[in-house]
Amino acid sequence: MARVVILGAGISGHTAARHLQRHLKKGAEIIVVSPNSNWNWIPSNIWVGVGKMTKDQVTFPLAPIYKRKHIGFRQAKAVAIHPEGSPDNPQGFVDIDYTDPTRSGQEEQLTYDYLIVATGPKLNFAATPGLGPDGNSWSVCTAGHAEQSAAALETIIEALKAGERKTLVIGVGHGTCTCEGAAFEYTFNVEHELRERGVRELADVVYLSNEYDLGDLGVGGMTFAQNGFETSSKMWTESLFRERGVRAILRAHVEKVDPGVIHYEELDGSKHTLDFDFAMLLPPFRGVDMKAYANNGDDITDDLFAPNGFLRVDADYAAKPFEEWTPEDWPKTYQCPRYANVFGVGIAFAPPHAISEPRKSPNGTIISPAPPRTGMPSGVMGRTVALSIAERIRHGDQAPLRTASMAAMGAACIASAGTGLRKGSAAAITMYPIIPDRKRFPGSGRDLTQTSGEIGLSGHWTKLLLHYLFIYKAKARFGWFMIPE
Ligand SMILES: Cc1cc2nc3c(=O)[nH]c(=O)nc-3n(C[C@H](O)[C@H](O)[C@H](O)COP(=O)(O)OP(=O)(O)OC[C@H]3O[C@@H](n4cnc5c(N)ncnc54)[C@H](O)[C@@H]3O)c2cc1C
10 MARVVILGAG ISGHTAARHL QRHLKKGAEI IVVSPNSNWN WIPSNIWVGV
60 GKMTKDQVTF PLAPIYKRKH IGFRQAKAVA IHPEGSPDNP QGFVDIDYTD
110 PTRSGQEEQL TYDYLIVATG PKLNFAATPG LGPDGNSWSV CTAGHAEQSA
160 AALETIIEAL KAGERKTLVI GVGHGTCTCE GAAFEYTFNV EHELRERGVR
210 ELADVVYLSN EYDLGDLGVG GMTFAQNGFE TSSKMWTESL FRERGVRAIL
260 RAHVEKVDPG VIHYEELDGS KHTLDFDFAM LLPPFRGVDM KAYANNGDDI
310 TDDLFAPNGF LRVDADYAAK PFEEWTPEDW PKTYQCPRYA NVFGVGIAFA
360 PPHAISEPRK SPNGTIISPA PPRTGMPSGV MGRTVALSIA ERIRHGDQAP
410 LRTASMAAMG AACIASAGTG LRKGSAAAIT MYPIIPDRKR FPGSGRDLTQ
460 TSGEIGLSGH WTKLLLHYLF IYKAKARFGW FMIPE
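10 is the number of the first residue of the sequence shown in the numbering used here; add one for each residue after it.
Shown next, in the form of C-alpha cells:
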C-alpha cells in the first residue's frame, strides 16, 4: 500500500491529510508528522493576545481526530529528508525526532512513496537581536505567545488606569518580515481594547512596519472599485489610522530591541530609536531547519531548499528585476523539480520573489515585505496537492497533476479591528488574483470587480463565524469538506 507522509499539521498539512484520507479511504497509509500535539487556528491568536479568547478556544488535540480518521500521527519533528533513499533501498525516507513526551529522545526513519512538506515558517526571532518573548518584545504567532502578550497588555492597562502614560508599539520586527496583516489586526484589537477599558487617552499606539505605504500588506497594495470610483488600500487604511488615532512609522527595519527601546533604520538610511512600554513585533519567517541528503550521503540541502530555507518547487527562481516579474514565475503544482514524489505547500514552499516592490536603503538594508501566504491559499494548495497524489496513487504516475497557482487564485481575508458582538469591526478584503497580472488587468494588476475592501461590524461577525466553522472543519466533523478552504 502506498504511504504518504505529511510534514506539518498546520493549515496546509492538516488540510492535505483530511482530503487524502477522504479520497483514498483505506487505499493508502497517511502519516502526519508534527512537533505539536495541538492544532491551532492561528488567525484567532489575535483575540487570545488581547485576552478575549483563551488558548483552549483556538487549539485542540490532533491525536483523537487522526485516530478517528485512520491517519497515522507522529508527534515529532522532521530533521532530514533522504529523497533518494539509502544505498540499499531507493525508497525516500525522512528522519524524525520525537517530541512526544512519552517517546522523548527517540528517532525514526519514516519511508514514503509521496512526501508533502507543509512545515510552515520558522519564527526567526534570532534575525533581530532582542526580538521576541525570549528577548524584549512579545509575539502572537503561537497561542502560547499570544497568552503572554495578553498578560503583558493587562499590566499596561493597569498602569494606564493608574494614570500613567504608556507607548504601545505593534508591527514587524525586521525589514524582511511578512504577515503585516496580522500586525495590523493586533494593532486595532489593542486600540479597541484600550478604548473599551476607558484608558485610550493616555496611550500612544504606534504601528511600526516595513511597508512602503499603509495598506501594502505585502501584496503591493490593492485598488478597489467602490461606488463607481477607484480607491486604494493606502487611502482606505490611512483613513482608519486617522480615525483611530494610531501613529504609523513605515519603511522601517528593526535592527535591535533593547529593554524599552527599539532601534530602527528607515528606507532613506537614517537611524532612529523609539521608546516603548509594550511591544508586539512579529518575527521574519524562514524555512524550518531541515537537511537533505542524497543516497550516497552527500548533503543536497541547497538543491532541495532555497537559501531562505523554503522548499524549491515548480516556480521560476531565476533572479530578475521587479519590472520583469510575471504571474508565470509562481508555482502551479507545488512539485519539487528534482523529485517528482515530493511537494511543498503553504508557507513551506519557496516563493520565486516578493509581491511588493523590493526596496533597499542606501546602507543596503532590505526594507520591503516578503510575500504572504495566508490561510486560504495555504488550504487550497494542501487540498490540490492531496488530490494530485490521490489520483497518482489510483491511476499511476502519469496521472496529470492538479494546479493552484497563486496567480490564478483569489484570496479572502478578514482582518479583525476589534472584538465585540455589538462594537466589534473587521476589514473584509478580497483580491483576485493574489499575484498581480498587469497584462490581463492593466494598472493595478488585479480585477477591480473582484478586489474589494469593506470595514464594519458585519466583518467581525463573519470573522467570528469563520473561527467556529474552520475549527469545526479542522476537527473533521460531519460534512467538513463542504466548507471551502
Ligand atoms: C498572528 C497571525 C494571524 C494570522 N491571521 C490570518 C488571517 O486572519 N487570515 C489568514 O488567511 N491568514 C492568517 N495568518 C496566516 C496563516 O496563519 C498562515 O497562512 C497559515 O498558518 C499557513 O499554513 P501552513 O500550513 O503553511 O503553516 P502553519 O499553519 O504554520 O503550520 C506549520 C506546521 O508545521 C509544523 N512543523 C514545524 N516544523 C516542523 C518540522 N520540522 N517537522 C514537522 N512539522 C513541523 C508546525 O508544528 C505546524 O503544525 C495569520 C498568521 C499569524 C502569525
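For every residue, glycine included, the Cβ atom is placed at its ideal position computed from N, Cα and C.
- By the criterion of a C-beta distance shorter than 7 Å, ASN47 is surrounded in its chain by THR68, PHE69, PRO70 and LEU71, once the five residues flanking it on both sides are discounted.
- The residue from PRO442, PHE358 and LEU276 with its alpha-carbon nearest to that of PRO371 is LEU276.
- Look at the beta carbons and you see the segment 289-299 not touching the segment 321-340: under three pairs across the two are nearer than 8 Å.
- For LYS175, the enclosing beta strand (DSSP E) starts and ends at 175-181.
- Look at ALA399 here: in three-state DSSP terms it is helix.
- By the 16-neighbour rule on beta-carbons within 10 angstroms, GLY224 is buried.
- LEU457 has its alpha-carbon roughly 30 Å from the corresponding atom of GLY184.
- In terms of side-chain proximity, the C-beta atom of GLY224 is found no nearer than 7 Å to any non-hydrogen atom of ligand 1.
- By the neighbour-count definition (other C-beta atoms within 10 Å, threshold 16), ARG174 is an exposed residue.
- Beta-bridge partners of PRO130 (DSSP): none assigned.
- Contact check for VAL199 and LEU217: beta-carbon distance about 13 Å, past the 8 Å limit, so the pair fails to qualify.
- When DSSP states are grouped into helix, strand and coil, VAL149 belongs to the coil group.
- ALA160 is classed as exposed because its beta carbon has fewer than 16 other beta carbons within 10 Å across all chains shown.
- Inter-residue distance for PHE352 and ASP284 is about 45 Å (C-alpha atoms, whole angstroms).
- In the DSSP assignment, PHE197 falls outside any beta strand (DSSP E) and lies within the alpha helix (DSSP H) extending over 189-205.
- As computed with DSSP, TYR107 is found in a beta bridge with ALA85.
- In this structure the segment 202-209 does not lie against the segment 334-348, because fewer than three pairs of beta carbons, one per stretch, are closer than 8 Å.
- CA-CA distance, ASN219 to HIS262, rounds to 6 Å.
- Considering only LEU162, PRO44, LYS484 and GLY269, the residue with the shortest C-alpha distance to GLY144 is GLY269.
- The three-state secondary structure of ALA328, taken from DSSP, is coil.
- The segment 352-439 contains, as complete beta strand (DSSP E) runs of 3+ residues, the segments 420-425 (chain order).
- Nearest Cα to ASP307 within the set LYS78, GLU247, PHE82 and HIS91: HIS91.
- For ASN47, the uninterrupted beta strand (DSSP E) segment begins and ends at 47-49.
- Not a single heavy atom of ligand 1 lies less than 7 Å from the C-beta of LEU474.
- Residue environment analysis places SER113 among the exposed positions, since fewer than 16 neighbouring C-beta atoms fall within 10 angstroms of its C-beta.
- In this structure, SER434 lies near GLY468, with their beta-carbon atoms less than 8 Å apart.
- When distances are taken from the beta-carbon of GLY22 to the heavy atoms of ligand 1, the shortest one is below 7 Å.
- Taking C-beta separations shorter than 6 Å and ignoring five residues to either side along the sequence, the partners of GLN84 in its chain run SER46, THR108 and ASP109, following chain order.
- MET415 and THR246 have their alpha carbons spaced roughly 24 Å apart.
- Taken atom to atom, the span from the alpha-carbon of PRO381 to that of LEU313 is near 21 Å.
- For ILE74, the enclosing alpha helix (DSSP H) covers residues 72-77.
- Counting the other Cβ atoms within 10 Å of the Cβ of THR282 gives fewer than 16, which makes it exposed.
- Shown here for VAL394: same chain residues with a beta carbon closer than 7 Å to its own, the five before and five after excluded, namely ALA25, ILE125, TYR343, PHE352 and VAL354 in chain order.
- DSSP places GLU463 in the strand class (E or B) of the three-state scheme.
- Excluding sequence positions up to five before and after GLU463, its CB lies within less than 6 Å of the CB of ALA437, all in the same chain and listed in chain order.
- Apart from sequence neighbours up to five positions away, the residues of its chain that approach GLY153 with a beta-carbon distance below 8 Å are LYS64, ordered along the chain.
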